[in-house]
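One structure is given below, encoded as structure tokens.
Numbering (the numbering used here), first residue to last: 10 to 195.
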């Protein structure tokens, strides 16, 4: 037998508050040019920790279709929270590691795009030149990020802030909608 359960109003209010806080902190990380890079990383790490806490909270409090989705939400939330706490306690190491990962990811992405541009499928679709150009640009950016870490830092901050703002909007939307979840009763 299936039963629908409404999300309690207090949970929805907390989701809206957490989503709003995530958006505000994310925007502050890039809106205040006077703060130094490590303060920016700390602000982003705090925001990530809040998102991790929200995932754990959602996994524990809200009923869902399956036990697996609750466990996944809690586990991923714990990983995000752990990464946020690690970044707060080790901003220098975290920053260097993330910039290195961005540079390597851009290089790999560029190589894959160039190789894909050489495939027969790309030439049939007319995407060959576009894939080749984006691959070259991606490799150039990867080299640039690895050679000039301060540029890598800017790219890192912008990418994380965009992702966190989108996450904040999604959390607020979930709180406003107050989705009903179906649970199985036996």
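For each residue, glycine too, the CB sits at the ideal point set by N, CA and C. These figures come from a predicted structure and were not determined experimentally.
DSSP three-state assignment for residue i, whether helix, strand or coil
i	result
residue 165	helix
residue 91	helix
residue 75	coil
residue 7	Lying before the first or after the last residue shown, residue 7 is absent from the chain, which here runs from 10 to 195.
residue 17	coil
residue 12	Because residue 12 sits at a pLDDT of 45, beneath the cut-off of 50, its placement in the model cannot be relied upon, and the point is left open.
residue 45	coil
residue 54	helix
residue 231	With the chain covering 10 to 195 only, the question about residue 231 has no answer from this structure.
residue 157	coil
residue 64	helix
Cα-Cα separation, residue i to residue j
i	j	result
residue 138	residue 101	39 Å
residue 77	residue 157	43 Å
residue 190	residue 57	Residue placement at residue 190 cannot be trusted, given a pLDDT of 44 that sits under 50; what the coordinates show is reported in the next sentence. Cα to Cα, the separation comes out at about 26 Å.
residue 122	residue 147	9 Å
Residue i, buried or exposed, once every other Cβ within 10 Å from all chains shown has been counted against 16
i	result
residue 47	exposed
residue 103	buried
residue 170	buried
Does the segment 175-184 come close enough to the segment 147-154 to have 3 or more Cβ pairs within less than 8 Å? no
Are the segment 112-121 and the segment 85-92 touching, with three or more C-beta to C-beta distances below 8 Å? no
Any 3 or more C-beta pairs closer than 8 Å across the segment 52-68 and the segment 24-34: yes
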